[in-house]
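Visitor: Line by line, the protein sequences are chains X and V.
Each residue of the first sequence is one higher than the one before, starting from 1 at the first, in UniProt numbering.
Each residue of the second sequence is one higher than the one before, starting from 1 at the first, in UniProt numbering.
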Amino acid sequence: MPEFHFPWIEVSILVPLFGAVWIHVLGNRDNILRHAIAICSVTLALTIGELIDFVLIGTFEAHDHWPFIDWMFDRDVFVVDELSAFQLPLAALIFLVTVMSTLRTKAPRFSLKLALVSETLVLATFSCRSSWTLIVLLIAATIPPYLELRNRQRCTRLYVLHMAVFAALLLVGYGWLSMTEMNSTAVLIPGALLTAAALFRSGVFPFHLWMTDLFEKATFGTAILFSTPLVGAYAVMRLVLPIAPSWALQSIAVLSLVTAVYAGSMALIQREARRMFCFLFLSQSSLVLAGLELVTPIGLTGALCLWLSVGLSLTGFGITLRCIEARISRVALADYHGLYHQMPMLAGFFLLTGLAAIGFPATVGFVGMELLIEGAVDIYPLVGTMVVIAAALCGITVLSAYFRIFTGHPTRTQVPMHARPAERIAVLLLTVLILGGGLVPQPGVASRYHAAKELTRLRLTTADATTESRESSQQKTSNRAAVAVATSSVLP
Amino acid sequence: MTPLHLLFHILGTAVVCSPIVLLAILGLSTLVNRPLSETSIARFTQAAVLFSLLPAVAILLIMLATDIRYVPIELGNWVTIPEEQFQFHLKFVFDRLSIPFLMLSCVLCGVVGAFTRRYLHREEGYGRFFLYYAMFFCGMVLSSLASTIETLFVGWEMVGLSSALLVAYFHERTNPVRNGQRVWSIYRLSDAAFLIAAITMHHMTGEGDFGGLMSSGVWPEGTAAITSSQALMVGSLLLVAAAGKSALFPFSGWLPRAMEGPTPSSAIFYGALSVHLGAFLLLRLSPILEASLTLQVMVISLGVVSAVCGAVMSRVQNDVKVSLAYASLTQVGIIVVEIGLGLKYLALIHIIGHASLRTMQLLRAPTLLRDYSDLENKMGTRLPRDAWVGAGFLPPRMQRWCYRFGFERGFMDIALDKWIVQPFVRVFRWCDSMERQVTDALSNEASRESDQAELHPEDLKSAA
Chain X
1 MPEFHFPWIE VSILVPLFGA VWIHVLGNRD NILRHAIAIC SVTLALTIGE
51 LIDFVLIGTF EAHDHWPFID WMFDRDVFVV DELSAFQLPL AALIFLVTVM
101 STLRTKAPRF SLKLALVSET LVLATFSCRS SWTLIVLLIA ATIPPYLELR
151 NRQRCTRLYV LHMAVFAALL LVGYGWLSMT EMNSTAVLIP GALLTAAALF
201 RSGVFPFHLW MTDLFEKATF GTAILFSTPL VGAYAVMRLV LPIAPSWALQ
251 SIAVLSLVTA VYAGSMALIQ REARRMFCFL FLSQSSLVLA GLELVTPIGL
301 TGALCLWLSV GLSLTGFGIT LRCIEARISR VALADYHGLY HQMPMLAGFF
351 LLTGLAAIGF PATVGFVGME LLIEGAVDIY PLVGTMVVIA AALCGITVLS
401 AYFRIFTGHP TRTQVPMHAR PAERIAVLLL TVLILGGGLV PQPGVASRYH
451 AAKELTRLRL TTADATTESR ESSQQKTSNR AAVAVATSSV LP
Chain V
1 MTPLHLLFHI LGTAVVCSPI VLLAILGLST LVNRPLSETS IARFTQAAVL
51 FSLLPAVAIL LIMLATDIRY VPIELGNWVT IPEEQFQFHL KFVFDRLSIP
101 FLMLSCVLCG VVGAFTRRYL HREEGYGRFF LYYAMFFCGM VLSSLASTIE
151 TLFVGWEMVG LSSALLVAYF HERTNPVRNG QRVWSIYRLS DAAFLIAAIT
201 MHHMTGEGDF GGLMSSGVWP EGTAAITSSQ ALMVGSLLLV AAAGKSALFP
251 FSGWLPRAME GPTPSSAIFY GALSVHLGAF LLLRLSPILE ASLTLQVMVI
301 SLGVVSAVCG AVMSRVQNDV KVSLAYASLT QVGIIVVEIG LGLKYLALIH
351 IIGHASLRTM QLLRAPTLLR DYSDLENKMG TRLPRDAWVG AGFLPPRMQR
401 WCYRFGFERG FMDIALDKWI VQPFVRVFRW CDSMERQVTD ALSNEASRES
451 DQAELHPEDL KSAA
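1) Is it the case that the Cβ atoms of X:A422 and X:L346 are separated by a distance below 8 Å?
2) Return the residues of the segment 137-167 of chain X that lie within a Cβ-Cβ distance of less than 7 Å from chain V, sorted by chain order.
3) I'd like to check one pair, X:T120 with X:F110: are the Cβ atoms closer than 8 Å?
4) Using a Cβ cut-off of 9 Å, pull out every chain V residue sitting near X:V367, in sequence order please.
5) Relative to chain V, which residues along the segment 265-295 of chain X have a C-beta separation below 9 Å, given in chain order?
6) Should V:I420 be flagged as near chain X, meaning a C-beta pair shorter than 8 Å?
7) Does the distance from the C-beta atom of X:R275 to that of V:S450 stay below 8 Å?
8) Identify, in the order they occur along the chain, each residue of the same chain with its Cβ nearer than 6 Å to the Cβ of V:G261, setting aside the five sequence neighbours on each side.
9) Taking a Cβ distance cut-off of 7 Å, strictly less, list which residues of the segment 375-406 of chain X are near chain V, in chain order.
10) Tell me the DSSP bridge mates of V:F86?
11) Helix, strand or coil for V:D432 per DSSP?
12) Of all the residues that make up the segment 342-368 of chain X, which are near chain V by a beta-carbon distance shorter than 7 Å?
13) Would you kindly work out how many angstroms separate the C-alpha atoms of V:M233 and V:L195, rounded to a whole number?
14) Mind listing the chain X neighbours of residue 519 of chain V? Cutoff is C-beta to C-beta under 8 Å, in chain order.
15) Over what stretch of residues does the alpha helix (DSSP H) that includes X:E10 continue unbroken?
16) Taking buried to mean at least 16 other C-beta atoms within 10 Å of its own C-beta, is X:A486 buried or exposed?
17) Quick check on X:P7: buried or exposed, where buried means 16 or more other Cβ atoms within 10 Å of its Cβ?
18) Please classify V:D67 as buried or exposed, where buried requires at least 16 other C-beta atoms within 10 Å of its C-beta.
19) Starting from V:P72, follow its DSSP beta bridges and name the residues at the other end.
20) Which residues of the segment 195-228 of chain X have a Cβ closer than 8 Å to any Cβ of chain V? Give them in chain order.
21) Is X:S488 close to chain V? Criterion is C-beta to C-beta, closer than 8 Å.
22) When you compare the CB of X:R29 with every CB in chain V, is at least one pair closer than 8 Å?
23) Residues in its own chain within less than 6 Å of V:M412 by CB, not counting five upstream and five downstream?
24) Tell me which residues share the same chain as X:A273 and place their Cβ nearer than 8 Å to its Cβ, disregarding the 5 neighbours each side in the sequence.
25) Would you tell me roughly how many angstroms separate the C-alpha atoms of X:F18 and X:H35, rounded to the nearest one?
26) What residue from V:H456, V:W430, V:Q437, V:A311 has the CA that sits closest to V:Y403's CA?
27) Out of X:M386, X:F54, X:S127, which one is the CA nearest neighbour of X:A253?
28) Would you kindly work out how many angstroms separate the C-alpha atoms of X:A248 and V:V15, rounded to a whole number?
29) Quick one: is V:V21 near chain X, going by C-beta distance under 8 Å?
30) Would X:T456 count as contacting chain V if we go by Cβ distances under 8 Å?
31) Please specify which runs of the alpha helix (DSSP H), each continuous and at least 4 residues long, are wholly inside the segment 369-431 of chain X, giving them in chain order.
32) Taking only beta carbons into account, state which residues of the segment 436-448 of chain X come closer than 8 Å to chain V, listed in chain order.
33) Between V:I196 and chain X, is the shortest Cβ-Cβ distance under 8 Å, so that the two count as touching?
34) Between V:T2 and the rest of its own chain, which residues show a CB-CB distance below 6 Å, the 5 nearest in sequence each way excluded?
35) Counting along the chain, where does the alpha helix (DSSP H) carrying V:H350 start and finish?
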């Protein structure tokens, strides 16, 4: 397997981990937020370095050059391929902008240490292929939000219940899979268990209650960091896609499409901004999941494009809401707030990210959404139109939220609430990516299509191997039967 | 490429790029929080309109001189996946339909831009208005010249968003914002129908190019390359899209609401250009309509119903802008009937004449009321008003019903609220309450902290 020119993967995983230790050592200093921003920036730079190196190598997958923790893991545990090469910088960017947009006054509530630990776990997860390490990382990533809920003295039952089921399904499913021959039909049962686990983690209806509960009880930052990198979708790609038959995946896609419409409708009737965001996110992430489960190159390309778009745009949308919350506390959507004059820049960014999330033309989500609709209608001519309905509902929700938060009332207060420089930088960074990706979509689409094609090819290769070995085993059985018949006819 | 084609290409690119550049300038200055002065905005706007209009006039003159009826401008593929036959082709076309509509858009946008410069002078939202205006202008140019259904959709969406934001222009009041939301909701639903139609067309013909759809000839001579039943399916979806955009029955409810915006936006968007975009779509895809008799009957019926409703409603309104809006609806209904009957040139001429007249009427409306008031003061009495003689032939009960029908704006909003919005809200509120019960039961406590959210935490006393 080709090697990077530098151990990007391991260094980018270890930097936030050591950063968390450093933040712990620093204690409650005033400049702790700056340190956290610096650590996240370095991590982002490393993941961008990894992406550039990967593109320069021009291969499907690559691993580190001098793996200095190979005494702990197998050399091929942390591998970056065309799927994860883009997800790693995206995840690092999500963490950076979330930390950057944290107000200093709110830093004590939002645990920077746990955020950095979560970043380590997410980056390690995205660098990991199907293995027990991936299972452990997926389960470990559920712990930081739990610790925060505990620290905030909130009820953790619902979260623990869902995550325990998720962990159990993962462990049993992967354990069963390890003991099952890949060429037998018995692989369907562990496959179903792993799929159920991924659906739990992704919050697909009716397993989504933990997500709304998390958004209610955890800090907004933690909830964004736990949900927007779409770790559940990654679990589907690594654990389910290679083994599940197409018909099974395409049936599950219908469930994801139903979730997209259901969550889009629920978002529309919410009376509080965080819950609205949660359902909006669920709707969009379900569309990504649906695209992945279509297992056609075009559907997969759409889903991979939309994955990047959802990560960028909904993180932006979320951090804007978080900035507003940081200034006025929870935002009720039952009435108009008229905050435009207080925060015109945040208003513009709110609208832009919201429109990008629904795939408005000239934003990063547009082409992904088009491809996804094309792929969905290819497989299900009628059910596929649910993508369009979900997008329409989300579009109505976004503008409704914009109007309710920023307009509809004369200015209620003269207290200035402008964006701070760090918030502005975070906002502008995401804006450039959202508009840049929307105006020049071809490089992104071409790279995602290549990844989709490779993933589909690998899947077909596995399926062919399975079919061949099944046929050869059937052949052997029939040969044995023929020999037995011949023997019995020869023998008196 | 011959010199003539090169010239066409340069001029065509200028027409398309000019509004995009205007949008980029105004958008970037807003984004980086460096607002431009009123004079700069006005100059940029005038320049953008001129740089679109003059090349379009030049193209028209060259086409007339050389007797060329169809000029495609290929700007390449915006996105392409050759293996999957997926492409987003940036192709624009200058033909007998697009050139008049483009020139109409440029002229009316230019007039309204000049009018607004004084009308909104020193208004706080001056820059915001022109940003939305630029988006609208860009959307109109893209829609007018689009040669593929995807490009048309991009323009269509831009027109929709800018319209909704302009309705909510006076955003410190609740009513305009509510109305903007209403307009956007109807646009989104009709856009969904448009998108499904576009994807279906892609599947039927393998491409989104109108040229591929019309197997022979250019507008208006093309014939559809799809079967009658396919045409019925796609055409019905497009009819929903057109009805939403042109405020035809049963979506007419948004039209009076759109008059909450400033007069220039009402004039140009809802009186002149936006309401005709649905009719333009039907004209552009008229070969599909001709492929199915059922579809033609549907189009004619929709036009007749909309025209009659518009005529009744416009007579009983007590607001001049709303009355004019419904009068527009009547004319758009008649235009749709003309399209259904296959009278394409008549429909196109009707669109141009009606849009120009209505823009003039709407721009004149605020001063007209003042003039009437002055006149009545000088006369010392009210101006005489003629009742509609046609009403006299109706029985009194029917007259009362017509009055109520018109006054309640055809009960369309009430019907949409009662049969669509309220059941939708009721069903999902029920789902929400079920979710609440389950989470409360599993948590063994009241699980929603959001219930305690203050309604107005931003009030001075509690702001951070």
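All C-beta atoms, glycine included, are put in the ideal place defined by N, C-alpha and C.
Please read these numbers as outputs of a predicted model, since none were measured by experiment.
Guide: So, from the listed chains and residues:
1) Numbered from 1 along the first sequence, position 422 holds the residue referred to as residue 422 of chain X. Numbered from 1 along the first sequence, position 346 holds the residue referred to as residue 346 of chain X. Not a contact, by the Cβ cut-off of 8 Å.
2) C155, R157, L158, L161
3) Looking up residue 110 of chain X in the first sequence gives position 110. Looking up residue 120 of chain X in the first sequence gives position 120. No. Outside cutoff.
4) For the purposes of this step, residue 367 of chain X is identified with residue 367 of the first sequence, where counting begins at 1. Those within 9 Å of X:V367 in chain V are W78, V79, F88.
5) S265, M266, L268, I269, Q270, R271, E272, A273, R274, R275
6) Your numbering for residue 420 of chain V matches position 420 in the second sequence. No, V:I420 lies away from the interface with chain X (no Cβ there is under 8 Å from its Cβ).
7) As a first step, residue 275 of chain X must be located in the first sequence, where it is residue number 275. As a first step, residue 450 of chain V must be located in the second sequence, where it is residue number 450. Contact: yes.
8) Here the question's residue 261 of chain V lines up with position 261 in the second sequence. The answer, listed in chain order, is L166, V167, Y169.
9) V377, T385, V388, I389, A392, G395, I396, L399, S400, F403
10) In the second sequence, residue 86 of chain V corresponds to position 86, counting from 1. According to DSSP, V:F86 bridges with V:I81.
11) As a working mapping, residue 432 of chain V is identified with position 432 in the second sequence. Here V:D432 sits in helix by DSSP.
12) M345, G348, F360, P361, V367
13) Taking the second sequence and counting its residues from 1, one reaches residue 233 of chain V at position 233. Taking the second sequence and counting its residues from 1, one reaches residue 195 of chain V at position 195. Looking at the two C-alpha atoms, the distance is approximately 13 Å.
14) Look at the range of chain V in this structure, 1 to 464, and you will see that residue 519 of chain V is not part of it.
15) One-based indexing of the first sequence puts residue 10 of chain X at position 10. Element bounds for X:E10: 8-26.
16) Residue 486 of chain X sits at position 486 when you count from the first residue of the first sequence. Model confidence at X:A486 stands at a pLDDT of 46, short of 50, so the residue's coordinates are unreliable; what they give is reported in the following sentence. By the neighbour-count rule (16 or more Cβ atoms within 10 Å), X:A486 is not buried but exposed.
17) To locate residue 7 of chain X, count along the first sequence from 1; it is residue 7. With 16 or more Cβ atoms within 10 Å of its Cβ, X:P7 is classed as buried.
18) Numbered from its first residue, the second sequence carries residue 67 of chain V at position 67. By the 10 Å Cβ count, V:D67 comes out exposed.
19) In the second sequence, the residue the question calls residue 72 of chain V occupies position 72. Beta-bridge pairing links V:P72 to V:V93.
20) L209, T212, D213, E216, K217
21) In the first sequence, counting from the first residue as 1, residue 488 of chain X sits at position 488. Confidence in X:S488 is poor, its pLDDT being 47 and thus under 50, which makes the residue's placement too unreliable to answer from.
22) Position 29 of the first sequence, counted from the first residue, corresponds to residue 29 of chain X. With 8 Å as the cut-off, X:R29 does not count as an interface residue toward chain V.
23) For the purposes of this step, residue 412 of chain V is identified with residue 412 of the second sequence, where counting begins at 1. Only P250, S252, G253 meet the Cβ criterion.
24) The count along the first sequence starts at 1 and reaches residue 273 of chain X at position 273. For X:A273, where only same-chain residues beyond five positions count, the Cβ hits under 8 Å are L321, I324, E325, R330, V331, A332, L333, A401, I405.
25) As a first step, residue 18 of chain X must be located in the first sequence, where it is residue number 18. As a first step, residue 35 of chain X must be located in the first sequence, where it is residue number 35. Taking the straight line from one Cα to the other gives about 12 Å.
26) Counting from one through the second sequence, the residue named residue 403 of chain V turns up at place 403. Selected option, being the one with the closest Cα: V:A311.
27) As a working note, residue 253 of chain X is residue 253 in the first sequence. The shortest C-alpha separation from X:A253 is found at X:M386.
28) For the purposes of this step, residue 248 of chain X is identified with residue 248 of the first sequence, where counting begins at 1. For the purposes of this step, residue 15 of chain V is identified with residue 15 of the second sequence, where counting begins at 1. Cα-Cα distance, rounded: 50 Å.
29) Position 21 of the second sequence, counting from 1, holds the residue named residue 21 of chain V. So no, V:V21 is outside the interface.
30) Residue numbering aside, residue 456 of chain X sits at position 456 when the first sequence is read from its first letter. It does not: the Cβ of X:T456 has no partner Cβ on chain V nearer than 8 Å.
31) 386-406
32) P441, Q442, V445, A446
33) Along the second sequence, one-based indexing puts residue 196 of chain V at 196. True, the Cβ-Cβ gap to chain X drops below 8 Å.
34) By 1-based counting over the second sequence, the position of residue 2 of chain V is 2. The answer is none, since no qualifying residue turns up.
35) Position 350 of the second sequence holds residue 350 of chain V. Segment 344-379, the alpha helix (DSSP H) holding V:H350.
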